[in-house]
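Enquirer: For the sequence shown, the positions run 4 to 461 when this note's numbering is used.
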Amino acid sequence: MEADHEGGATAERDDTEDEGTTADAAATPDAAASAGGSSAGSAASVGALDAAPSGATIAGVYSSGLCMQCGTCAALCNQGAITMRWDVREGLEPVVSPAACNECGTCLEVCPGPGLDFTDDAWWRERNEGAPSADFLGPWRRLAFGWAADADVRYQGASGGVATAIMQGALAAGRIDAALVCRMDPENALATEPVIARTAEEISACRGSKYNVAATNVLLRRVIEEPGRYALIGLPCHIQGLRLAQRHHPLLRKRIVLAIGLFCGWTGLPQLAAVAARRAGLSPRELASVSYRGPDWPGVMRLETHSGDSRVLPYPDYYDDLMFGYVPTRCRLCPDALADLADISVGDAWLDRFDGTPGVSDLIARTEAGVAMLEELSPDALVLEEARPGDMVASQKEAYVQKRLIYRGRRWLRQLAGRAVPQYPGVPGVVTTADRLHGARDLARQVFYKTIGDLRYP
Ligand SMILES: Cc1cc2nc3c(=O)[nH]c(=O)nc-3n(C[C@H](O)[C@H](O)[C@H](O)COP(=O)(O)OP(=O)(O)OC[C@H]3O[C@@H](n4cnc5c(N)ncnc54)[C@H](O)[C@@H]3O)c2cc1C
Ligand code: SF4
Ligand code: SF4
Ligand code: SF4
Numbered sequence: 004m005e006a007d008h009e010g011g012a013t014a015e016r017d018d019t020e021d022e023g024t025t026a027d028a029a030a031t032p033d034a035a036a037s038a039g040g041s042s043a044g045s046a047a048s049v050g051a052l053d054a055a056p057s058g059a060t061i062a063g064v065y066s067s068g069l070c071m072q073c074g075t076c077a078a079l080c081n082q083g084a085i086t087m088r089w090d091v092r093e094g095l096e097p098v099v100s101p102a103a104c105n106e107c108g109t110c111l112e113v114c115p116g117p118g119l120d121f122t123d124d125a126w127w128r129e130r131n132e133g134a135p136s137a138d139f140l141g142p143w144r145r146l147a148f149g150w151a152a153d154a155d156v157r158y159q160g161a162s163g164g165v166a167t168a169i170m171q172g173a174l175a176a177g178r179i180d181a182a183l184v185c186r187m188d189p190e191n192a193l194a195t196e197p198v199i200a201r202t203a204e205e206i207s208a209c210r211g212s213k214y215n216v217a218a219t220n221v222l223l224r225r226v227i228e229e230p231g232r233y234a235l236i237g238l239p240c241h242i243q244g245l246r247l248a249q250r251h252h253p254l255l256r257k258r259i260v261l262a263i264g265l266f267c268g269w270t271g272l273p274q275l276a277a278v279a280a281r282r283a284g285l286s287p288r289e290l291a292s293v294s295y296r297g298p299d300w301p302g303v304m305r306l307e308t309h310s311g312d313s314r315v316l317p318y319p320d321y322y323d324d325l326m327f328g329y330v331p332t333r334c335r336l337c338p339d340a341l342a343d344l345a346d347i348s349v350g351d352a353w354l355d356r357f358d359g360t361p362g363v364s365d366l367i368a369r370t371e372a373g374v375a376m377l378e379e380l381s382p383d384a385l386v387l388e389e390a391r392p393g394d395m396v397a398s399q400k401e402a403y404v405q406k407r408l409i410y411r412g413r414r415w416l417r418q419l420a421g422r423a424v425p426q427y428p429g430v431p432g433v434v435t436t437a438d439r440l441h442g443a444r445d446l447a448r449q450v451f452y453k454t455i456g457d458l459r460y461p
């Protein structure tokens, strides 16, 4: 999948330009994070939120349930002390080797797990200076509904194929040398695999939404080591990790020139596809491939075995009850629905007027880099229709319930139980009775569907 790449002139420029130091990226102290633990990797500050209890560790972030499985810590560890361990039930766990760790604390500085500052004064908002901003929608400079101008890219994509079209367009225009994307692992149909795509064909091979955990940010290590200009596409937690990593590492600021964020209600654990397979009468061990969505819109889930047996499950029908049972609990404590820290955020335009089309995406250009990219690619690569903030929010009713009502309700329940919760200053936190009911109903659904799923489809 990956082509050779030497970086050339870009490499020279990258490595010599002064992008500042980690010191100039001093964090805005916000609130104490609740992660603690006792293994390697101790440091006095945690991710976006300073003043964490001393002794906080990556193992503590994970064991306290705050890890978002993004892979940033593994990439930024200079000692190569962190590996992401895969498990069908738990997803991805960052594991620190005590023998290799020198306790520098970098992994914790770049970890979005304990929370992030969402106030208007947050350090990352400098990219959005002068842009309007609203709760849930985040900061924006341009709002649009759109789709890939190429009919096949549109048809094959998760919604309007805009993510693929933007990366391919940026590559063709010479704005990037490669894109950090993710595909399903050819060796393990239940796992994702982050890859660096250097051609339009390699970008196409990764299209479609994977409702599965993905440690895309482990690729940031390759970006540090291999000069060039890159785009990164990921979920909101990946973009958070990317921005923290860029704050820490000057080369990442220079080399990642475009961050495309996917809207995200929640993602799934690998077990979701295993249970879907069993429910459809297939053995997960026999699975050769899992496609969660597409082609067409909204698309279907396709499961195929090595012996050629296949099943098709309609989306979003399969998704709803499986998702309730097999979503990481951390996703239920995550308020970033629309990838506020991205240059361009993209999602499904869930509006009645787009029913029956081959797919339409929401697009939010949040930074000048994002606006410039849309202007450069439209209309040849992207067809865009201007949108209003109200329409954009209306297209995300489900995500709003998940990322505001259920988020506040689950957070409240977790605090009642004395468990660690991530800190998100700037996200409205007043808990209403409706939030509590949403939280309780979501917890009941999670337990119910997981219990049924585990019993009937072990
Ligand atoms: C877990 C998940 C939850 C989502 N939740 C919502 C939601 O609540 N509301 C909404 O409107 N949209 C949601 N989306 C986004 C939506 O499903 C589409 O991905 C988005 O509209 C882009 O469509 P496209 O046709 O432009 O993308 P495509 O052109 O098909 O490209 C998709 C790109 O996304 C990348 N990608 C796919 N899965 C992952 C992953 N798990 N982690 C990192 N990168 C990935 C691929 O590398 C690919 O390059 C979600 C996506 C995912 C993966
Ligand atoms: S060496 Fe530094 S970055 Fe790596 S695990 Fe240890 S504390 Fe974390
Ligand atoms: S950086 Fe990402 S993978 Fe590592 S501990 Fe933090 S949230 Fe988890
Ligand atoms: S809800 Fe989405 S953005 Fe939030 S932690 Fe889960 S996968 Fe990441």
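Ideal Cβ placement from N, Cα and C applies to all residues, glycine included.
Ligand 4 and Met71: does any heavy atom of the ligand fall closer than 8 angstroms to the residue's C-beta?
Expert: As a first step, residue 71 must be located in the sequence shown, where it is residue number 68. Correct: Met71 has its Cβ closer than 8 angstroms to ligand 4.
Enquirer: Going along the chain, which residues of its own chain have a beta-carbon closer than 6 angstroms to the beta-carbon of Phe121, five neighbours each way excluded?
Expert: The residue given as residue 121 occupies position 118 in the sequence shown. Tyr427, Gly429 and Val430.
Enquirer: Taking 8 angstroms as the line, does the beta carbon of Arg250 fall inside it for any heavy atom of ligand 4?
Expert: Taking the sequence shown and counting its residues from 1, one reaches residue 250 at position 247. Checking every heavy atom of ligand 4 against the Cβ of Arg250, none is found closer than 8 angstroms.
Enquirer: Can you tell me whether Arg305 sits near ligand 1, meaning its C-beta is under 8 angstroms from at least one heavy atom of the ligand?
Expert: Locating residue 305 in the sequence shown gives position 302, where the first residue counts as 1. Flag unset: Cβ of Arg305 not near ligand 1.
Enquirer: Any residues whose CB sits closer than 6 angstroms to a heavy atom of ligand 4? List them in chain order?
Expert: Output, sorted by chain position: Met71, Leu238, Pro239, Cys240, Cys267, Trp269, Thr270, Arg333, Cys334, Cys337 and Asp339.
Enquirer: Can we count Pro97 as close to ligand 3, meaning its CB is less than 8 angstroms from some heavy atom?
Expert: For the purposes of this step, residue 97 is taken as the residue at position 94 of the sequence shown. Within the cutoff, so yes.
Enquirer: Could you pull the start and end residues of the alpha helix (DSSP H) that Ser348 belongs to?
Expert: By 1-based counting over the sequence shown, the position of residue 348 is 345. Counting along the chain, Ser348 falls outside any alpha helix (DSSP H), though it belongs to the beta strand (DSSP E) covering Ile347 to Asp351.
Enquirer: Could you please give the first and the last residue of the uninterrupted beta strand (DSSP E) stretch that includes Cys185?
Expert: The residue given as residue 185 occupies position 182 in the sequence shown. Element bounds for Cys185: Ala181 to Asp188.
Enquirer: So, with DSSP's three-state summary, where would you put Val64?
Expert: As a position in the sequence shown, residue 64 is number 61, starting the count at 1. It is helical.
Enquirer: Have a look at Ala375 and Ala218 and give me their C-alpha separation to the nearest angstrom.
Expert: As a first step, residue 375 must be located in the sequence shown, where it is residue number 372. As a first step, residue 218 must be located in the sequence shown, where it is residue number 215. Taking the straight line joining both Cα atoms gives about 28 angstroms.
Enquirer: From Cys267, Glu196 and Ser67, pick the residue whose C-alpha is nearest to that of Val404; which is it?
Expert: Position 401 of the sequence shown, counting from 1, holds the residue named residue 404. Ranking the options by Cα distance to Val404, first place goes to Cys267.
Enquirer: Taking one C-beta from the region 92-110 and one from the region 237-244 each time, how about it: are there three or more such pairs within less than 8 angstroms?
Expert: Judged by Cβ distances under 8 angstroms, the region 92-110 makes no contact with the region 237-244, as fewer than three pairs qualify.
Enquirer: Regarding Gly83 and ligand 3, is the C-beta to nearest heavy atom distance less than 8 angstroms?
Expert: Numbered from its first residue, the sequence shown carries residue 83 at position 80. No - ligand 3 has no heavy atom lying nearer than 8 angstroms to the Cβ of Gly83.
Enquirer: Under 8 angstroms: does the beta carbon of Asp365 sit that close to some heavy atom of ligand 1?
Expert: Walking along the sequence shown from the start, residue 365 turns up at place 362. For ligand 1, at least one heavy atom lies less than 8 angstroms from the Cβ of Asp365.
Enquirer: In this structure, does DSSP put Trp89 in helix, strand or coil?
Expert: Walking along the sequence shown from the start, residue 89 turns up at place 86. If DSSP states are grouped into helix, strand and coil, Trp89 belongs with the strands.
Enquirer: Enumerate in chain order the residues of its own chain whose CB-to-CB distance from Ala276 is below 6 angstroms, with the five nearest sequence positions on each side excluded.
Expert: For the purposes of this step, residue 276 is taken as residue 273 along the sequence shown, with counting starting at 1. Here the set comprises Leu193 and Val293.
Enquirer: Quick one: does the C-beta of Gln159 sit closer than 8 angstroms to a heavy atom of ligand 1?
Expert: One-based indexing of the sequence shown puts residue 159 at position 156. Because some heavy atom of ligand 1 lies under 8 angstroms away, the Cβ of Gln159 counts as near it: yes.
Enquirer: Could you tell me whether the region 340-357 touches the region 224-233, using the rule of 3 or more Cβ pairs below 8 angstroms?
Expert: In short, these stretches do not touch, since the Cβ pair count stays below three.
Enquirer: Using the DSSP secondary-structure output, state which residues sit across from Pro1 in a beta bridge.
Expert: Outside the displayed range of the chain (4 to 461) lies residue 1, so it cannot be described from this structure.
Enquirer: Buried or exposed: which applies to Thr60, given that a residue is buried once 16 or more other Cβ atoms fall within 10 Å of its Cβ?
Expert: Walking along the sequence shown from the start, residue 60 turns up at place 57. Buried, since its Cβ has 16 or more Cβ neighbours within 10 Å.
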